[in-house]
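Colleague: Residues in the sequence shown are numbered from 59 upward in steps of one, following my numbering. Built from N, CA and C at the ideal position, the CB exists for glycine as well. Model, not experiment: these values are computed from the prediction. My structure is below; once you've seen it, I'll send some questions.
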Amino acid sequence: MFGWLWQKNTALSAVVDSFSKTAFPSAATSVQQAPFLVLDFELTGLNPKKDHIVSMGWVPIRQQEIVLAEARHYLISSPVSVGQSAVYHGLHDHQLRQGLELSTVLTELLSQYAGYVFVAHHSQLDEQFLRTACQRCFAKTPRFKFIDTLKIEWQRLLRQGKVVKHDALKLPSCLQRHGLPKMANHHALEDAYSTALLLLSQLKPGGDNMTLADLYLLSR
59 MFGWLWQKNT
69 ALSAVVDSFS
79 KTAFPSAATS
89 VQQAPFLVLD
99 FELTGLNPKK
109 DHIVSMGWVP
119 IRQQEIVLAE
129 ARHYLISSPV
139 SVGQSAVYHG
149 LHDHQLRQGL
159 ELSTVLTELL
169 SQYAGYVFVA
179 HHSQLDEQFL
189 RTACQRCFAK
199 TPRFKFIDTL
209 KIEWQRLLRQ
219 GKVVKHDALK
229 LPSCLQRHGL
239 PKMANHHALE
249 DAYSTALLLL
259 SQLKPGGDNM
269 TLADLYLLSR
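Listed below in structure tokens is the structure:
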């Protein structure tokens, strides 16, 4: 009677295994040739141990071009009420009842973007939630490689001798500094798209010679 559950768990586990076996681009790869996937999550809170992802957006970048045809935005059903977090992301419990299961969205993500370098603004938080989500859904977590546009911007400002003021590293401030369009804040897809624009702007000074190794160094 539990055969269907065993088959489902085995299939989900295989998704993680396949992702883990796919090699990332070498550190010597030019950033112009590296495939990136820019991610953003909206959350019920900031603690990955007790809070949950309620929406997910992503935008691929290949050969330094944003692939809008593959941009995705999903509402995700939550096992808990969004509570006061609705003030920030504007999503409410009745909307999330129509959302997808987290495992469904993660399966698409891991199946289609194995071998991609993931990108986020303040990536430490997103990576923690992604790892926790994989552990909850698959009982295992693959290895990810993340680039953090917030840390890249911090390094850029320091090299220019500028004092990094309060809120200077928030996404809207970074977009304004780079002359990029303003977007609605706290919408997973729009924030992912904005972060993709920011990354491409940050990569310009590196020119043709910039490698993933250089980018990882800037993102530490």
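1) Beta-carbon separation of Val163 and Leu95 under 8 Å?
2) Which value, in whole angstroms, describes the spacing of the CA atoms of Phe60 and Val125?
3) What would DSSP say about Ala178, mapped onto helix, strand or coil?
4) Run through DSSP, which three-state label would Glu100 get?
5) Report yes if the C-beta distance between Leu256 and Leu233 is below 8 Å; otherwise report no.
6) Throw me the rounded Cβ distance for the Ala101 and Phe187 pair, which I believe falls under 8 Å.
7) Examine the Cβ distances between the segment 150-167 and the segment 256-270 and report whether three or more of them are shorter than 8 Å.
8) Excluding the five sequence neighbours on either side, which residues of its own chain have a C-beta within less than 6 Å of the C-beta of Thr207, listed in chain order?
9) Among the residues of its own chain, which have a CB less than 6 Å from the CB of Trp62, if the five just before and after it don't count?
Modeller: According to the data block:
1) no
2) Because the pLDDT of Phe60 is 44, which lies under 50, any placement of that residue in the model is unreliable, and the number read from its coordinates should be weighed accordingly. Going from the Cα of Phe60 to the Cα of Val125 covers about 41 Å.
3) strand
4) strand
5) The Cβ-Cβ distance between Leu256 and Leu233 falls below 8 Å.
6) It should be noted that the sequence gives Leu, not Ala, for residue 101. Leu101 to Phe187, Cβ: 7 Å. Contact.
7) no
8) His179, Thr253, Leu256 and Leu257
9) With a pLDDT of 40 at Trp62, under the threshold of 50, the modelled position of this residue cannot be trusted; read the value that follows with caution. Cβ neighbours of Trp62 beyond the five flanking positions: none.
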